[in-house]
Amino acid sequence: MSSVEQRIASLRTILEREGLDGWYINGTDPHQSEYVSERWKSRAWISGFTGSAGSVLVTMTEALLWVDSRYFIQGAQQIEGTCLKLMKLDTEGVKDPQSWMATELPETSRVGIDGSTLAVTLKAEMDAAFKQRGIALVACPDYLEKIWTDRPMIPPTTVVDLPNEIAGFSRIQKLTMTRLAMVQKGCNYTLVSSLDDIAWITNLRSSDVSVHSPVFLSFLLIGTEKAWLFTDPKRFSKEIREALVEEYEILPYEDAKTTIESLLTEEDTLYYDPKKLNLTLYEATLKAKHVEGRDFTTDLKACKNETELEGMRRSHLLDGVALVNFLARLDTEKGVYDEIGVSTLLRKQRERDKACIGASFSPISGWGEHGAICHYSATKESSSRIEGDGLLVLDTGGMYEFGLTDITRTILFGKATDEQKRDYTLVLKGNLALASARFPEGTCGYQLDILARQFLWQQGLTFFHGTGHGLGFRLNVHEGPAVINTRAIDVPLKRGMIISDEPGIYREGRHGIRIENILTVREDIKTEFGQFFSFEVLTICPFERKLIEKTLLTESELSMVNTYHRWVYEELKTLVDEEAKAYLKQATLPL
Numbered sequence: 011m012s013s014v015e016q017r018i019a020s021l022r023t024i025l026e027r028e029g030l031d032g033w034y035i036n037g038t039d040p041h042q043s044e045y046v047s048e049r050w051k052s053r054a055w056i057s058g059f060t061g062s063a064g065s066v067l068v069t070m071t072e073a074l075l076w077v078d079s080r081y082f083i084q085g086a087q088q089i090e091g092t093c094l095k096l097m098k099l100d101t102e103g104v105k106d107p108q109s110w111m112a113t114e115l116p117e118t119s120r121v122g123i124d125g126s127t128l129a130v131t132l133k134a135e136m137d138a139a140f141k142q143r144g145i146a147l148v149a150c151p152d153y154l155e156k157i158w159t160d161r162p163m164i165p166p167t168t169v170v171d172l173p174n175e176i177a178g179f180s181r182i183q184k185l186t187m188t189r190l191a192m193v194q195k196g197c198n199y200t201l202v203s204s205l206d207d208i209a210w211i212t213n214l215r216s217s218d219v220s221v222h223s224p225v226f227l228s229f230l231l232i233g234t235e236k237a238w239l240f241t242d243p244k245r246f247s248k249e250i251r252e253a254l255v256e257e258y259e260i261l262p263y264e265d266a267k268t269t270i271e272s273l274l275t276e277e278d279t280l281y282y283d284p285k286k287l288n289l290t291l292y293e294a295t296l297k298a299k300h301v302e303g304r305d306f307t308t309d310l311k312a313c314k315n316e317t318e319l320e321g322m323r324r325s326h327l328l329d330g331v332a333l334v335n336f337l338a339r340l341d342t343e344k345g346v347y348d349e350i351g352v353s354t355l356l357r358k359q360r361e362r363d364k365a366c367i368g369a370s371f372s373p374i375s376g377w378g379e380h381g382a383i384c385h386y387s388a389t390k391e392s393s394s395r396i397e398g399d400g401l402l403v404l405d406t407g408g409m410y411e412f413g414l415t416d417i418t419r420t421i422l423f424g425k426a427t428d429e430q431k432r433d434y435t436l437v438l439k440g441n442l443a444l445a446s447a448r449f450p451e452g453t454c455g456y457q458l459d460i461l462a463r464q465f466l467w468q469q470g471l472t473f474f475h476g477t478g479h480g481l482g483f484r485l486n487v488h489e490g491p492a493v494i495n496t497r498a499i500d501v502p503l504k505r506g507m508i509i510s511d512e513p514g515i516y517r518e519g520r521h522g523i524r525i526e527n528i529l530t531v532r533e534d535i536k537t538e539f540g541q542f543f544s545f546e547v548l549t550i551c552p553f554e555r556k557l558i559e560k561t562l563l564t565e566s567e568l569s570m571v572n573t574y575h576r577w578v579y580e581e582l583k584t585l586v587d588e589e590a591k592a593y594l595k596q597a598t599l600p601l
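Count along the sequence shown from 1, add 10, and you get the number used in the numbering used here.
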């Protein structure tokens with residue numbers, strides 16, 4: 011019996027003892043984080059699947075893993091030989107977890123879930139879906155604690171200060187903006203549980219989740235006069251404690267529920283985000299009146315201030331230097347590296363600049379058929395040597411003192427096939443179309459998404475991931491609320507938002523292609539029809555010139571590529587290594 015099957019068997023023993031018919035793992039933590047610390051990687055522990063998204067249901071007779079299209083290939087590979095069944099979301103005949111449980115479980119079934127990881131919204135949605143057949147979603151203690159004997163503890167990392175000259179706004183200014191929003195909603199408290207929101211408003215950073223996600227485990231209750239920060243008090247230096255004392259009372263992380271329960275009364279009105287607040291903490295607020303909505307801080311931090319924007323531009327300039335130095339070296343050292351070696355080489359190039367403090371996420375380095383696995387993660391066992399003819403999909407990012415980056419380039423080794431050139435050029439056309447868009451105020455990401463997909467669709471091709479995600483400032487590389495994808499999410503793109511532009515195509519068993527630049531929303535023309543916006547490209551790195559099929563480009567697209575390459579050359583020509591200058595010049599020659 012494999013370790014996965016042993017764990018599932020142990021969980022079933024607990025379910026039987028507790029009178030439960032199933033256990034649902036939604037793959038998050040008490041803060042509804044996309045990136046979770048090792049302690050809350052329950053999905054990976056029970057299933058062996060290490061992707062960043064997915065959910066697991068274990069019943070007495072079945073074990074199911076749901077993943078989206080990014081992880082179809084990886085999911086199948088990682089659960090092969092186990093009792094788990096792969097459920098491919100948004101494919102014909104496959105129900106999502108909620109629908110599956112509502113229709114496939116026996117009537118009056120009781121499904122357990124760790125209440126501290128269950129968002130208020132998800133609980134309400136599942137209760138409504140299950141009601142007709144008498145199925146109950148039961149918020150429980152985390153029963154995995156009983157069988158996960160070597161479960162990691164919460165890491166005791168140090169919290170560091172983000173100076174005002176980097177953050178742009180002080181802690182007091184951010185609290186003032188939040189309190190103004192509270193007053194406008196008629197509330198005297200707001201409860202924030204999202205870790206990147208708390209890091210943003212406090213101007214504090216750490217690494218509780220990972221080196222790539224500079225947040226710290228905490229909850230934050232903000233009142234009209236005072237704020238309570240629930241985290242390990244020992245993690246702060248004397249200087250930071252003294253800086254915080256005027257605005258914050260710092261209490262242990264474990265005290266959040268009891269303290270909030272004692273503070274709130276029937277006279278209070280609490281604002282909270284039901285998509286982010288977990289059920290266990292929500293139950294501590296029931297004495298107060300409630301107003302629901304997206305966290306104020308989520309919208310405030312999404313629109314970067316001028317200091318943050320300038321920091322992001324500086325970060326992308328340094329990143330461009332590192333990338334071109336890396337590409338120039340790679341061009342002369344063919345056949346030397348494997349997938350891990352390539353990403354290590356790029357990391358070292360970034361870290362040559364003292365402003366780089368690490369990677370902004372785990373690198374995706376996929377050679378050949380591995381490039382068709384959208385979020386492939388190379389291991390020592392799987393890392394392929396890069397040799398011969400083929401494509402390398404390299405999706406990486408740097409974390410800098412004053413910003414972060416995220417870039418994908420598809421790199422050609424040897425000779426390209428006609429199919430590879432056509433695929434690359436169609437993806438490039440979509441990237442250019444989105445980056446050059448002009449759109450009226452109030453436009454949402456889903457209204458622009460077709461710009462990036464149109465040329466693929468015309469050829470009967472597509473990709474199944476989102477086109478664009480928001481980026482944080484010295485925070486998470488994925489940040490809401492704005493996205494660019496096919497789902498009708500009503501979040502308008504606003505001035506100062508930073509978002510990715512990353513169409514792609516993935517041919518299983520052959521190759522993958524993705525081109526990603528980072529954009530920021532800026533004001534454009536104002537007419538009698540209102541304010542219009544456009545994008546400023548932040549990423550400074552050549553496209554793969556040898557993969558561009560010039561005959562597929564219009565004159566306008568040709569001009570856009572040449573203009574972009576001319577800008578890249580001018581920005582980097584005096585900054586790259588001497589031995590990289592010839593490569594940069596060749597890579598940015600007019601088509």
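All residues carry an ideal CB built from backbone N, CA and C; glycine is no exception.
Which of the three DSSP states, helix, strand or coil, is assigned to residue 158?
For the purposes of this step, residue 158 is taken as the residue at position 148 of the sequence shown. In the three-state reduction of the DSSP assignment, residue 158 falls in the coil class, being assigned neither a helical nor a strand state.
For residue 6, which beta-bridge partners are listed by DSSP?
Nothing about residue 6 can be read from this structure; the chain reaches only from 11 to 601.
Which word fits residue 377, buried or exposed, when buried means at least 16 other C-beta atoms lie within 10 angstroms of its C-beta?
The count along the sequence shown starts at 1 and reaches residue 377 at position 367. By the 10 Å Cβ count, residue 377 comes out buried.
To which residues does DSSP link residue 511 through a beta bridge?
Reading the sequence shown from its first residue, position 501 is the one you call residue 511. Note: residue 511 sits in a beta bridge opposite 527.
On the criterion of 16 or more Cβ atoms from any shown chain inside 10 Å, does residue 262 qualify as buried, or is it exposed?
Position 252 of the sequence shown, counted from the start, is the residue given in the question as residue 262. Burial call: exposed.
Touching by the beta-carbon criterion (3+ pairs, under 8 Å), the stretch 150 to 170 and the stretch 185 to 195:
Contact between the stretch 150 to 170 and the stretch 185 to 195 is absent, because fewer than three Cβ pairs lie under 8 Å.
Measure the alpha-carbon distance for residue 425 versus residue 433 and round it to whole angstroms.
On the sequence shown, position 415 is the one that residue 425 refers to. On the sequence shown, position 423 is the one that residue 433 refers to. Whole-angstrom Cα-Cα distance: 15 Å.
In the DSSP assignment, find the beta strand (DSSP E) that holds residue 362 and state where it starts and stops.
Start at 1 with the first residue of the sequence shown, and residue 362 comes out as number 352. Secondary structure note for residue 362: it is in no beta strand (DSSP E), with a DSSP letter that is neither H nor E.
Which word fits residue 356, buried or exposed, when buried means at least 16 other C-beta atoms lie within 10 angstroms of its C-beta?
Here residue 356 corresponds to residue number 346 of the sequence shown, with the count starting at 1. Burial call: buried.
Going along the chain, which residues of its own chain have a beta-carbon closer than 6 Å to the beta-carbon of residue 285, five neighbours each way excluded?
Your numbering for residue 285 matches position 275 in the sequence shown. The residues are 129, 131.
Residue 218 to residue 283 span [Cα, whole Å]:
Residue numbering aside, residue 218 sits at position 208 when the sequence shown is read from its first letter. Residue numbering aside, residue 283 sits at position 273 when the sequence shown is read from its first letter. Going from the Cα of residue 218 to the Cα of residue 283 covers about 22 Å.
Quick check on residue 440: does DSSP put it in helix, strand or coil?
In the sequence shown, counting from the first residue as 1, residue 440 sits at position 430. Residue 440: helix per DSSP, three-state reduction.
Just checking, does the stretch 510 to 527 make contact with the stretch 471 to 488 on the three C-beta pairs under 8 Å criterion?
By the Cβ criterion, the stretch 510 to 527 is in contact with the stretch 471 to 488, since at least three pairs of Cβ atoms, one from each stretch, lie closer than 8 Å.
Please give the ranges of any alpha helix (DSSP H) in the stretch 545 to 595, keeping only runs that are unbroken, at least 4 residues long and fully inside the region.
Segments of the alpha helix (DSSP H) lying fully in the stretch 545 to 595: 565 to 582.
Helix, strand or coil: how does DSSP classify residue 415 here?
As a working mapping, residue 415 is identified with position 405 in the sequence shown. Correct three-state label for residue 415: coil.
Whole angstroms are fine: how far does the CA of residue 533 sit from the CA of residue 564?
Position 554 of the sequence shown, counted from the first residue, corresponds to residue 564. Position 523 of the sequence shown, counted from the first residue, corresponds to residue 533. Approximately 27 Å, taken between the alpha carbons.
Compare the C-alpha of residue 455 against each of 312, 501, 517 and name the closest.
Stepping through the sequence shown from its first residue, residue 455 is reached at position 445. The shortest CA-to-CA distance from residue 455 to any of 312, 501, 517 is the one to 501.
Rounded to whole angstroms, what is the Cα-Cα separation between residue 71 and residue 133?
Position 61 of the sequence shown, counting from 1, holds the residue named residue 71. Position 123 of the sequence shown, counting from 1, holds the residue named residue 133. Here the alpha carbons of residue 133 and residue 71 stand approximately 24 Å from one another.
Straight-line Cα distance separating residue 253 from residue 247
Here residue 247 refers to the residue found at position 237 of the sequence shown. Here residue 253 refers to the residue found at position 243 of the sequence shown. Their Cα atoms are separated by approximately 10 Å.
Tell me the rounded alpha-carbon separation between residue 347 and residue 466.
Taking the first residue of the sequence shown as 1, we reach residue 347 at position 337. Taking the first residue of the sequence shown as 1, we reach residue 466 at position 456. Between the C-alpha atoms of residue 347 and residue 466 there is a straight-line separation of about 32 Å.
Mind checking whether residue 412 and residue 321 have CB atoms under 7 Å apart?
Stepping through the sequence shown from its first residue, residue 412 is reached at position 402. Stepping through the sequence shown from its first residue, residue 321 is reached at position 311. For residue 412 and residue 321, yes; Cβs fall inside 7 Å.
Name the two residues that bound the continuous alpha helix (DSSP H) containing residue 107.
Counted from its first residue, the sequence shown places residue 107 at position 97. That run of the alpha helix (DSSP H) goes 107 to 114.
Cβ atoms of residue 230 and residue 239: under 7 Å apart, would you say?
Against the sequence shown, residue 239 aligns to sequence position 229. Against the sequence shown, residue 230 aligns to sequence position 220. Yes; because the gap between Cβ atoms is below 7 Å, this pair is in contact.
When you compare each of 258, 189, 82, 144 to residue 305 by their alpha carbons, which one comes out closest?
Numbered from its first residue, the sequence shown carries residue 305 at position 295. Comparing alpha carbon positions, the residue from 258, 189, 82, 144 closest to residue 305 is 189.
Same chain, Cβ closer than 7 Å to residue 142, five either side skipped, listed in chain order
On the sequence shown, position 132 is the one that residue 142 refers to. Scanning its chain for C-beta atoms nearer than 7 Å, with the 5 sequence neighbours on each side dropped, one finds no residue around residue 142.
Bounding residues of the alpha helix (DSSP H) (the contiguous stretch that carries residue 323)
In the sequence shown, the residue the question calls residue 323 occupies position 313. Counting along the chain, the alpha helix (DSSP H) containing residue 323 begins and ends at 316 to 342.
For residue 502, which beta-bridge partners are listed by DSSP?
Counting from one through the sequence shown, the residue named residue 502 turns up at place 492. According to DSSP, which records beta bridges pairwise, residue 502 is partnered with 454.
Under 8 Å by Cβ, that's how I've got residue 403 and residue 418 pegged, so tell me the actual separation to the nearest angstrom.
As a working mapping, residue 403 is identified with position 393 in the sequence shown. As a working mapping, residue 418 is identified with position 408 in the sequence shown. Rounded to the nearest angstrom, the Cβ distance from residue 403 to residue 418 is 7 Å, consistent with a contact under 8 Å.
For residue 175 and residue 335, I'd like the C-alpha separation in whole angstroms.
For the purposes of this step, residue 175 is taken as the residue at position 165 of the sequence shown. For the purposes of this step, residue 335 is taken as the residue at position 325 of the sequence shown. If you take the alpha carbons of residue 175 and residue 335, they lie about 30 Å apart.
Would you report the Cα separation of residue 387 and residue 273, rounded to the nearest angstrom?
As a working mapping, residue 387 is identified with position 377 in the sequence shown. As a working mapping, residue 273 is identified with position 263 in the sequence shown. Whole-angstrom Cα-Cα distance: 46 Å.
Among 363, 364, 150, 393, which residue has its Cα nearest to the Cα of residue 373?
Within the sequence shown, residue 373 is the residue found at index 363, counting from 1. Ranking 363, 364, 150, 393 by Cα distance to residue 373 puts 393 first.
Kindly give me the distance between the Cβ atoms of residue 431 and residue 559, rounded to whole angstroms, as I take these residues to be in contact under 8 Å.
Taking the first residue of the sequence shown as 1, we reach residue 431 at position 421. Taking the first residue of the sequence shown as 1, we reach residue 559 at position 549. Going by Cβ atoms, the distance from residue 431 to residue 559 rounds to 4 Å, so yes, they are a contact pair.
Nearest-angstrom Cβ-Cβ length linking residue 145 and residue 34, presumed shorter than 8 Å
Within the sequence shown, the letter at position 135 stands for residue 145. Within the sequence shown, the letter at position 24 stands for residue 34. 11 Å between Cβ atoms; not a contact.
Suppose only complete runs of 3+ residues qualify. What are the beta strand (DSSP E) ranges in the stretch 27 to 91, listed by chain order?
Here the runs fully enclosed are 32 to 35, 65 to 69, 73 to 77.
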